[in-house]
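To start, the structure under review is shown below, and the notes come after it.
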Amino acid sequence: MALRHAADDAQLTQCWSQAGTASIIHECMDVDESRSSWEKSRLVMPLRWFLTLLLAWHVVSATAWADGPEFDRDVRTFVRNHCLDCHSAGDAQADVNLERFETEAQLRADTKTWERVYDQVRRHHMPPPGSDAPTPEARERFLTWLGPAIRNQNCDGPPAVLPVLVRRLTRSEYQNSLVDLLGITTDYRERFPADGAGGEGFDTNAETLFIPPVLMERYLAVAREAVGEALESEQPDRVVTVRPSRETPARTAARETIGRFAQRAYRRPVEVEEIDRLMLLYDRSATRGDGFVDSLRLPLVAVLCSPNFLFRIENEVKDKKDAYDVSPHELAVRLSYFLWAGPPDEELFRLAESKQLHDPKVLDAQVRRMLADPRARRFATSFTEQWLKLRDLGETVKPDTKAFPEFTPELAADARQEAILLVEHVFRENRPLSELLDADYTFLNDRLANHYGIAGVDGASFRRVDLKDRRRGGVITMAGPLALTSYPLRTSPVLRGVWVLDQILGTPSPPPPPDVPQLEEGPDLAGLSLRERLSKHRENTTCAACHQRIDPLGFALEGYDAIGRYREKVGGKPIDVSGELPDGTQFDGASGLKDVLRQQSDDFLRSFSTRLLAYALGRGIENEDFCLVDSIVKRLRESDLKAQTLVVEIVTSPAFLKRRNP
Amino acid sequence: MNRKTWTLNRRTLLQGAGAALALPWLETMSWADPAADAKPPVRMACLFMANGVRADAWHPQGEGADYQLSRTLEPLARHRQDFNVLSHLQHKACRGGDGHYVKTSGWLTGTTITKTTGAGLSCNGISIDQLAAARLGHNTMLPSLELGTERVGTGIDFNVGYTRVYGGHVSWRAPTVPVAKEIDPALVFDRMFRPEIGRSTLDDDESVLDLVRHDAWRLRRQISQHDRRKLDEYLESVRALEQRIERAQAQELEAWNPQDQAPGMTRPAGIPKSHADHVRLMLDLMVLAFQTDQTRITTFMFGNSVSTVNFSFLDGVRGAHHEISHHQNDAEKLAQYEKINRWHVEQVAYLLDRLKAIREPDGQTLLDHSMILFGSGMRDGNSHDPNNLPLILAGRGGGAIQTGRHVVSPAGTPMTNLFVTMLRTFGVEIDTFADSTGPLELG
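The listed protein sequences correspond, in order, to chains X and D.
With positions in the first sequence counted from 1, the corresponding number in this note's numbering is that position plus 100.
Residue 236 in this note's numbering is what sits at position 241 of the second sequence, and the numbering runs on without skipping anything.
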């Protein structure tokens, strides 16, 4: 296969620019040689599913798999009576069309949709108020049938291992890798465009990491600068591991130095041929008279621009149909970029060399060692900023500087740090995950403590502070998320409620349908309080289905202003922070909300486990992974929600230990 | 054909088949002969505004040359003879799906994006700027320049099930490859005038690139088929960098008006705190890029989709862009929305001032030789519809475009017809683009 040349590009781009129909798309695929057969297979997937379904249909009609009377009575009838009004082919609200499921087999083939249905019905979000409500018995029978049908399917078989795309380092991982390799201190991250995110919302997602030309320019420039910084520093020996001496000629010393550096940068043993080629660059400098150290520059720069460094390469074992173990060095890399957002250290490398790393006991011990290491802060930072979306705070989301002069960039950074330190603490000290949402301590410096009105915290450094009440403690009542989910000038119960559903519970609402007024305003609502306006809108059935879930969560947090300060009144009036969930649960304020979240911890645990799994694997979580998520949540419950259990369960899962050819 | 230029394109020649395939490029390079009495080249910029417009305040009265500017467009009055308002162009492919993302990634591609949070990500087309860059970008140091003010958003949009990558890019090199934009003016300035590829070490850089390209080819054999496309992306970027180095060596390629110093502009200190200052700086850099022929193709995103830029710095506006764009026909909100739209138009007017002030050797202005497209991917931010898109096209494209008019197309005319016209005016021979039905007559 030839590397595409520019003219191919033009041909390809012209083709794509004209592609509007399926037939042209296929022609473009032929032009586009670089597009893999795997990707092509994704395009024909629907056809394959269709054939599978067709086959399933035949099997179903001939065997005991035929739809039982329960399916007809408890499911099909329920769906017909309570769902199809809004979720049919003609009117698929929220993109859900249940009319297309005629048989049990069809239903079982799309667990992702039915997971959603199950959750919506279980939480009493669906059918929405105002529509024809099912009797409690009908709801119960529906759930009793559906639960096992979607949850236990295929979990007896071999665990799922899905193909993962080769992944380049994120700009944070790149920076951390430079720091570990070179011992530099300059932060080069902002020299690169920000990385987008995908999958479950993390930049570690392979599919959304690109290498546009500007990145290559910067890789080259930054590598030159960083190598220069290292070689000119006071401790260049970190990189220059062998120097010429009476016994060691310069070229031998260079070869040794470059070989060791490449091995660390490539995170695997290097081949003689690779060093030979790097030595050509050394020779190029040395023969024109550059000194020993100066002549190391070019080969070191080349190492840092090589795809062997910039990508986390995992070699394919050809012709394997089943999942197979990644190599020990590849596993070390998976581990270190998961828990340190950076390269493996010597101990991991040694364990890989001696092939012990796949041993579950060794893995368990390594997880605990790695989480105790200061580098775990990098994990906590990268994961937390994205899990809670705090990266946006002070960047694309900023409180108005005139209305809230107190909210300086420094305070925004403190607010982010508080959440990061809590996550780090919970993992490092193996605390229950529930403390992420509800803890009687937090991490503050003087500025943030002052913002919270908590006395007795002096100095700019963060420390653990025990809390006297539940106004603070847990991420939901931290200034960071509270400011992040406000408009520049005011709070928004809707944004806050949506954030809790999206980021904490993992149960997002569909977007409002087009042309429906956003809730907080509207032509006829002048003079009403925000709560009155919202309750007005909930009278509208279309709005109610989602806003019955969203609004109470947000109102519970109205006791905090747009920059997260506690308040008891708005405009001189006391704030009503009470709420009722669609299932009838009543609660009051932030503390009541924390109780509710504790009671409904299953959603949180599933969501949190899913997110961490996605972060670790660098891909989205698919239907096939639900069994793994289920088993992780089960183990978490058995271990009193201990955070390290979650990490150990992830890294000892086949999805983490193995790979599969696409 | 310029033989000297041709021979300097060493790397291309060395690549055998590649050189043969690159031939069609060179036909477009005839003007690049430094000895010829060259006409200034056409420049193209596409300026994306997030969140739509207040439709009634945008729409001008009347048609053709004898039309009345609308309230929102009034800041452009002093440039009246230098631009067209384009009405009733639409992006049919951007109708379905979601509120914002397809109207951003699809704005310059005219295609529907694949609904995904990551796996199988595709905009299913290529943007006009990148198509122009692929064909003619080799004429300048930078084939194209992608600018913005907001970094790509964190996470995915759980509510609609799209990755925010779609909301942060209007430029797409290939269906699966968005082009990252730069938001730091200092970095953009450095890229143009303090190239990080240091001039004294060009050969060194080439030797490094030779090595890493070899590495990539070696790896391609070890990794799976579906991993290869990421390595191919890498290889294409290595190639782009090599081309840039070649151009730096081949002075003749920069035949028009190459300058490695920025006339009248000092290096910006970084990202300004104020959004208004930030936008001005990016527009200044765009002018500079055109003036010095660093590139002839740029895109600029005033904001990402669902931009949350706080516009309270404008008198009478209280809140963030997206929040206000959902006006629900509330009079007060509409008034604020209009002010935000108008502010954007003022920035465009400023850009046109700058372009007009630069006189080129043929006596005409830089604006005369440019095509500046400004607009949004949706009409009304409250309803997100991609029909009758708010668009203006400024500049005469080197004389091909007759300006000073309100050009009203038959309802439902594809916006991609405009793209065909723009691409042709730029020098790209093309008959159709996405769902186009022919060129939009602007001559």
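Positions of the beta carbon are idealized from the N, C-alpha and C atoms, including for glycine.
Here the structure is a predicted model, which is why all the values come from computation and not from measurement.
Reduced DSSP category for residue i - H, G, I as helix; E, B as strand; rest coil
{"i": "R38 of chain D", "result": "strand"}
{"i": "S709 of chain X", "result": "helix"}
{"i": "Y233 of chain X", "result": "Looking at the sequence shown, residue 233 of chain X is not Tyr but Ala. Note: A233 of chain X maps to coil in three-state DSSP."}
{"i": "T408 of chain D", "result": "strand"}
{"i": "P385 of chain D", "result": "coil"}
{"i": "I425 of chain D", "result": "coil"}
{"i": "F438 of chain X", "result": "helix"}
{"i": "E436 of chain D", "result": "coil"}
{"i": "F310 of chain X", "result": "coil"}
{"i": "S100 of chain D", "result": "helix"}
{"i": "D624 of chain X", "result": "Model confidence at D624 of chain X stands at a pLDDT of 48, short of 50, so the residue's coordinates are unreliable; what they give is reported in the following sentence. D624 of chain X: coil per DSSP, three-state reduction."}
{"i": "R759 of chain X", "result": "strand"}
{"i": "Q256 of chain D", "result": "coil"}
{"i": "H781 of chain X", "result": "Residue 781 of chain X cannot be examined here, being either before or after the span of chain X that is shown, 101 to 762."}
{"i": "G553 of chain X", "result": "coil"}
{"i": "V147 of chain D", "result": "coil"}
{"i": "H95 of chain D", "result": "coil"}
{"i": "T107 of chain D", "result": "coil"}
{"i": "R564 of chain X", "result": "strand"}
{"i": "S219 of chain D", "result": "coil"}
{"i": "D81 of chain D", "result": "Note on identity: in this sequence residue 81 of chain D is Leu, with Asp being the wrong assignment. It is a strand residue."}
{"i": "N305 of chain D", "result": "strand"}
{"i": "A31 of chain D", "result": "Confidence at A31 of chain D is low in this model, with a pLDDT of 43, below 50, so the placement of that residue should be treated as unreliable; the coordinate-derived value is given next. In the structure shown, A31 of chain D sits in coil (DSSP, three-state: anything other than H, G, I, E or B)."}
Nearest-angstrom Cα separation, counted from residue j out to residue i
{"i": "A45 of chain D", "j": "G163 of chain D", "result": "10 Å"}
{"i": "L143 of chain X", "j": "N640 of chain X", "result": "Caution applies to L143 of chain X, whose pLDDT of 38 falls short of 50 and renders its modelled position unreliable; the model cannot decide the point."}
{"i": "D198 of chain D", "j": "A245 of chain D", "result": "13 Å"}
{"i": "H322 of chain D", "j": "Y332 of chain D", "result": "7 Å"}
{"i": "R354 of chain D", "j": "T360 of chain D", "result": "4 Å"}
{"i": "E300 of chain X", "j": "R711 of chain X", "result": "6 Å"}
{"i": "P349 of chain X", "j": "A714 of chain X", "result": "49 Å"}
{"i": "Q217 of chain D", "j": "Y274 of chain X", "result": "23 Å"}
{"i": "D259 of chain D", "j": "F285 of chain D", "result": "According to the sequence provided, residue 259 of chain D is Gly. The question's Asp does not apply to it. Each residue's alpha carbon lies about 14 Å from the other."}
{"i": "D558 of chain X", "j": "A743 of chain X", "result": "30 Å"}
{"i": "P505 of chain X", "j": "P499 of chain X", "result": "9 Å"}
{"i": "R355 of chain X", "j": "P399 of chain X", "result": "10 Å"}
{"i": "R275 of chain D", "j": "S139 of chain D", "result": "19 Å"}
{"i": "D426 of chain D", "j": "L126 of chain D", "result": "13 Å"}
{"i": "E524 of chain X", "j": "A716 of chain X", "result": "16 Å"}
{"i": "R159 of chain D", "j": "G718 of chain X", "result": "16 Å"}
{"i": "E424 of chain D", "j": "T104 of chain D", "result": "17 Å"}
{"i": "D288 of chain D", "j": "M136 of chain D", "result": "8 Å"}
{"i": "D683 of chain X", "j": "V565 of chain X", "result": "36 Å"}
beta-carbon residue i near the ligand SAH non-hydrogen atom, thresh 8 Å
{"i": "L567 of chain X", "result": "This structure does not include the ligand SAH; it has no bound ligands of any sort."}
Where the region 402 to 417 of chain D meets chain X: residues whose CB sits under 7 Å from a CB there | none
Could you run through the region 292 to 315 of chain X and flag, in chain order, every residue whose CB is less than 9 Å away from some CB of chain D?
-> F292, P293, A294, D295, G296, A297, G298, G299, E300, G301, F302, D303, N305, A306, E307, T308, L309, F310, I311, P312, P313, V314 and L315
Against chain X: residues of the region 146 to 161 of chain D by CB proximity under 7 Å | Of all residues in the region 146 to 161 of chain D, R146, V147, G148, T149, G150, I151, F153, N154, V155, T158, R159 and V160 have a Cβ within less than 7 Å of some Cβ in chain X.
Contact set between the region 699 to 725 of chain X and chain D, restricted to residues whose Cβ is under 9 Å from the partner = Per Cβ criterion, the list reads R719, G720 and E722.
Contact residues within the region 391 to 407 of chain X, judged by C-beta distance below 7 Å to chain D = L398, V401, A402, C405, S406 and P407
Can you list, in chain order, the residues of the region 210 to 225 of chain D whose Cβ is nearer than 9 Å to any Cβ on chain X?
-> D210, A211, W212, R213, L214, R215, Q217, I218, S219, Q220, H221, D222, R223, R224 and K225
Interface residues of the region 291 to 312 of chain D facing chain X [CB-CB below 7 Å] = T303, N305 and S307
May I ask you to list, following chain order, the residues of the region 335 to 351 of chain X that have a beta carbon less than 8 Å from some beta carbon of chain D?
-> none
Give a yes or no on contact between the region 181 to 191 of chain D and the region 379 to 395 of chain X, applying the rule of three or more CB pairs nearer than 8 Å.
-> no
Interface positions of the region 408 to 421 of chain X facing chain D (Cβ-Cβ less than 8 Å), listed along the chain | Of all residues in the region 408 to 421 of chain X, only N408, L410, F411, I413, E414, N415 and E416 come within less than 8 Å of chain D when Cβ atoms are compared, listed by chain position.
Could you give the uninterrupted runs of the alpha helix (DSSP H) lying entirely in the region 196 to 223 of chain X, keeping only those of 4 residues or more?
-> 204 to 208 and 211 to 222
Three or more C-beta pairs below 8 Å linking the region 74 to 92 of chain D and the region 389 to 399 of chain D | yes
Report the residues of the region 171 to 184 of chain D with a CB closer than 9 Å to any CB of chain X, ordered along the chain.
-> Residues of the region 171 to 184 of chain D with a Cβ closer than 9 Å to any Cβ of chain X, in chain order: T171, V172, P173, V174, A175, K176, E177, I178, D179 and L182.
State whether the region 310 to 319 of chain D contacts the region 206 to 224 of chain D, with contact taken as three or more CB pairs (one from each stretch) at a distance under 8 Å.
-> no
Every unbroken alpha helix (DSSP H) within the region 436 to 488 of chain X, with a cutoff of 4 residues, ordered by chain | 446 to 453, 460 to 472 and 476 to 487
Contiguous alpha helix (DSSP H) assignments of at least 4 residues, all confined to the region 108 to 177 of chain D | Listed in chain order, they are 123 to 131.
Between the region 327 to 335 of chain X and the region 384 to 398 of chain X, do three or more beta carbon pairs fall short of 8 Å?
-> yes
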